[in-house]
Each structure stands twice: as C-alpha cells, then as structure tokens.
Amino acid sequence: MACTLRAMVLGPSSHSYRLHSPSSSEQETGAELLVVDQAPYVRQALSACKRLRKELTKKQALLSSFEDDRRAFQLWLHGTHGATITQVRELHEEVNAYQFILHHLSRCAYESMEAVPALYQQLFRLKKAGMLHSYVPPHVTAKANDADDTAGEPRIDEDTKQDFYDRFYSERRSKDGVAEKHQAESSRKAQHDARLKSCYRQLAKRLHPDHSKLEEVVREQRWHEMQTAYHNDDLDGLLRIEAICDMDKRGLSEKLGLARLRDLAAYHKAHLLPIRDALRAAKQDIAYGFVTKGLTEGIEYAIAGNLKFEMIDLKSTISDLERAAKSIRKEALAQLRSAEIEADRARRAQERVQRLKASSQSDESLKSRQMTFF
145 MACTLRAMVL GPSSHSYRLH SPSSSEQETG AELLVVDQAP YVRQALSACK
195 RLRKELTKKQ ALLSSFEDDR RAFQLWLHGT HGATITQVRE LHEEVNAYQF
245 ILHHLSRCAY ESMEAVPALY QQLFRLKKAG MLHSYVPPHV TAKANDADDT
295 AGEPRIDEDT KQDFYDRFYS ERRSKDGVAE KHQAESSRKA QHDARLKSCY
345 RQLAKRLHPD HSKLEEVVRE QRWHEMQTAY HNDDLDGLLR IEAICDMDKR
395 GLSEKLGLAR LRDLAAYHKA HLLPIRDALR AAKQDIAYGF VTKGLTEGIE
445 YAIAGNLKFE MIDLKSTISD LERAAKSIRK EALAQLRSAE IEADRARRAQ
495 ERVQRLKASS QSDESLKSRQ MTFF
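With my numbering applied, the sequence shown covers 145 to 518.
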C-alpha cells in the first residue's frame, strides 16, 4: 500500500515523521509519529569540524615555520656558496645563448645553407657584445603549396554539408523540447541567482569593518574568499563562508546545527587540501627543519656536491652546443667549397670548349685561304 512521508521538526536535535495512509481507520485514529534523533549526527559533525580545524591550525603553523626555515637556509646558502651560485647562473645563461644560436643556425641551414657562415659570425659577434637576443631573423615569405589555396572561396566537402543539415533539422525537430528544458533551467537559474545575491549581501554586511570585530587580516581573507565565490557563481562557497562567520560569532558548538557544522567541515576541508599538498612538498625540501636542526654535514655535502655536478653538467652541455654550432658552419663551408669547385670546373670546361671551338674556326679559315690561293 502506498504511503506518504510527512516530517515535522520538533527541535534542533530530533525530527518526527508521520506515516499517513489513505485508509479510513487511520484517518479516524490519526497517524503514528516516528521520531528521529539528530544528536548523534550533530556530535559526529562537531567532532569532524574540531578535528579538521585542529589539523588545519597545526599544518598552517608548520608551513609558517617552513618559511622561516627557507629564509635561514637561503641566507646560509648565499653566504657560503655565493660565488659558486653566481658561476652556475652564468653557465645557465651561456647554455641559453648557445641554444639560441643553434636554433637560428639550424633554421638558416634548412632555408639557405649559403647564409650560414655570415649568420654564424653575426650571432657570435652579438653574443660577445651581450646583445644576442636583439637578433631578429629575416622574414621568410611562405610559398603557396597549391593553386587552390589562394583561389576563391574555401571548399566545403559533402560530409560537412550533410552534418550541418542534420544538425539544423534535428534542432528544428526538437525545438519544443528544448524550449521547455530552457524554461526549467531558467527558473532554476533565477532561484539560484536570488539565493546567491541574498547570501552575498548578508556576508558583505557582516564582513564590513563597521559591523565586524574580526582582525583585519582575517576579515580581508574572508572578504577575498567571498568575492571569489560570488564571481565564480559558487553558492556553496558563500554558504561555507557564512558558516565560518556563524562559528566566529557563536563559537564551535552543537548550537550551530547539523547543516552549519557540515558547511564548516566542508570549509575547513577545502582549505586543508592545498595545505596538505604544500606541506608534503615542503617536507621534501632540503631546507625543511633548518632552523631547528641547524647545519648538518649531510646538508653541506649535498649542496656542495649538487653545485659541483651542476657546473660539470652545464660545461659539458655548453661544449656540446658549441660543437654542434661549429659543425653546422663547417658543413655549410664544405658545401660552399664544393659548389665553388663545381662552378670552377664548369667554367674551365666551358673555356676549354670555347678554345677548341676557336681553334677549329682558325683551322677552317686557314684551309679556306690555302684553297683560294691554289
């Protein structure tokens, strides 16, 4: 038999539900009330909020101490290995310069091998003057691959036409259904926007300096979170901020109710996830705990070894890039010499042909004069 469930709230920690049946006997005697106690759920939500808030406070303190560790570590690092760090930075700049040169030489070799030697000299002259990145490559006009690419209107294949017609007529056929769906979505959107604006106005009033007794830093953080949630159309985010404001006013207790406590738990969890990731990454950093542990032999050995091997690796990379640039120039010069040799050989062959032709013409002229004499 079908029954309908009707609920009546009795208090903050319990609900009573009445099961109503359409039978005549129950209509005369009345429906039975089913009471659901919310207290265990409220206590569970309160416990989760306290646990998340405690973890959030602890991890924020650890991240704050890590900032102190990193500052102290940087002061020690630059004070002890400042000269080596400067050398490493200069080597990185040298690597970037050779990569820039190699890129443009390779491009020039692909387009015109004859221009490579002049470009090689120009780039290294600019590098020596410290103006390498002021070089601008000449503009190369792209050639058309096909006559159809430059002629008339773009061609549309039959499949594209068919897809357009199918989509057009399917939209026309489903016009009525789309209109109803759009109307329902518009109604939901209007309700959502109304709630969003109402919640935003209330929060803006609560966080205004004239009405809020929070510290300036905390109030500015909440204000920024509120603006971000409003611009992102995030109603749940605004409700979570409203819940944290209620907690600041009333304190963290069961009086906030189950819904507010769940919003608070979601708020703390949303802030806790990025802090967990940041702290996980911080623990992998060599500077983590530097203030408390101080300088150890392991840190000194690791930093000195890393800098040493980084310098070796950078010098090897520079040597490889320099050899590659010289190899491109050498190949271009070899091709140019080969082309000159071929051109000289062709010129000599042409001159030889011209001499033979001139010699044969002179022989024929001599024979003709001798025949005329006789």
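Note that the Cβ used here is the ideal one computed from N, Cα and C, for glycine as well.
Residue state for aspartate 354 is assigned as coil, using DSSP reduced to three classes. For a cut-off of 8 Å, the C-beta gap from alanine 476 to methionine 257 is around 5 Å, short enough to register as a contact. Given a length threshold of 3 residues, each whole run of the beta strand (DSSP E) inside the stretch 176-233 is given here in chain order: 176-181. Cysteine 343 and leucine 379 do touch by the CB rule: their CB atoms are close to 7 Å apart, below 8 Å. In the pairwise beta carbon analysis, the stretch 249-268 is classified as not touching the stretch 228-240: fewer than three pairs are separated by under 8 Å. Going by DSSP, alanine 422 is part of the alpha helix (DSSP H) stretching over 402-427.
Contact between isoleucine 385 and leucine 249 is absent: CB atoms are separated by about 57 Å, not below the 8 Å threshold. Note on geometry: alpha-carbon atoms of aspartate 429 and tyrosine 411 lie some 28 Å from one another. By the Cβ neighbour-count rule, isoleucine 388 is buried, with 16 or more other Cβ atoms within 10 Å of its own. Per DSSP, the continuous alpha helix (DSSP H) segment holding methionine 370 begins and ends at 360-375. When DSSP states are grouped into helix, strand and coil, isoleucine 430 belongs to the coil group.
The DSSP-derived three-state label of valine 280 is coil. Using a Cβ distance threshold of 8 Å, leucine 221 and lysine 413 do not count as a contacting pair. Taking one beta carbon from each stretch, the stretch 268-276 and the stretch 490-503 have fewer than 3 pairs nearer than 8 Å; the two do not touch. For tyrosine 279, same chain residues with a beta-carbon under 6 Å away, outside a window of 5 residues either side, are Leu270 in chain order.
Straight through space, the alpha carbons of glycine 433 and alanine 253 are spaced by roughly 53 Å. For leucine 267, the enclosing alpha helix (DSSP H) stretches over residues 260-273. Leucine 219 counts as exposed, since fewer than 16 other beta carbons sit within 10 angstroms of its beta carbon. Contact between alanine 431 and arginine 214 holds, since their C-beta atoms are separated by about 5 Å, short of 8 Å.
Across the structure, arginine 404 and proline 353 are spaced so that their CA atoms are roughly 24 Å apart. For glutamate 359 and arginine 366, the gap between their C-alpha atoms comes out near 11 Å.
Ranked by Cα distance from serine 460, the options Gln182, Glu495 and Leu235 are led by Leu235. Take leucine 267, set aside five residues on each side of it, and the residues of its chain with a beta-carbon closer than 6 Å to its own are Ile245, in chain order.
When DSSP states are grouped into helix, strand and coil, leucine 235 belongs to the helix group. Closest in C-alpha terms to isoleucine 419, from the list Ile485, Ala227, Leu206 and Ser330, comes Leu206. In this structure, the beta-carbon distance from histidine 415 to leucine 190 does not fall below 8 Å.
Counting every other CB atom within 10 Å of its CB across the protein chains shown gives phenylalanine 210 a total of 16 or more, marking it as buried. Distance between leucine 351 and proline 184, taken at the CA atoms: about 33 Å.
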